[in-house]
Amino acid sequence: MGLFPKENVNKGDTIGYYTGKILTDRTANSSKYCESKYLLWICKDHWIYGEGKESNYTRFMNHSSKPNVRLVVSVRWKTARFEAIRKIKSGEELFFDYGDEYWINTDIDPIERN
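Letter by letter, the sequence shown follows residues 1 to 114 in the UniProt record's numbering.
Have a look at this one:
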């Protein structure tokens, strides 16, 4: 899939918030959610489940070890937003680094796309 901005994005701009259902560790590890590729850990005992009607376009952002976007987490508000780490041109694909833990829990090898 991928996510591509329609306009130029400046360094420091917010791309959007990762939205979805807030889950506890126990719920996230249940059989209903544990196989999801859209679980995002945000703090000690909280996850965001980014599938379903509560999710948004940010779930389509792909991985790169050379990202142009970073994840900014607020433990206090239990939110996660994506911020541009450099200027991004209109139509250029947006990437963030999923982190090593993401790949350990899947049967997928990361592919560099940028």
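Here a beta-carbon is modelled for each residue, glycine too, at the ideal position from N, C-alpha and C.
Task: Candidates Met61, Cys43, Gly99, Lys87, of which the one nearest Glu7 by Cα - done: The shortest C-alpha separation from Glu7 is found at Lys87.
- [ ] Report all residues from its chain with a CB closer than 8 Å to the CB of Phe82; omit the five preceding and five following residues, and keep chain order.
- [x] Thr14, Ile15, Gly16, Tyr17, Tyr18, Thr58, Met61, Val69, Arg70, Leu71, Val72, Leu94, Phe96
TODO: Would you kindly work out how many angstroms separate the C-alpha atoms of Glu92 and Leu3, rounded to a whole number?
DONE: Their Cα atoms are separated by approximately 9 Å.
Open item on the list: Using DSSP's beta-bridge definition, name the partner residues of Arg86.
Closed with: BP columns for Arg86 are empty, so no partner.
- [ ] Grab the span of the alpha helix (DSSP H) containing residue 117 for me, first residue to last.
- [x] Since the first and last residues shown for the chain are 1 and 114, residue 117 lies out of range.
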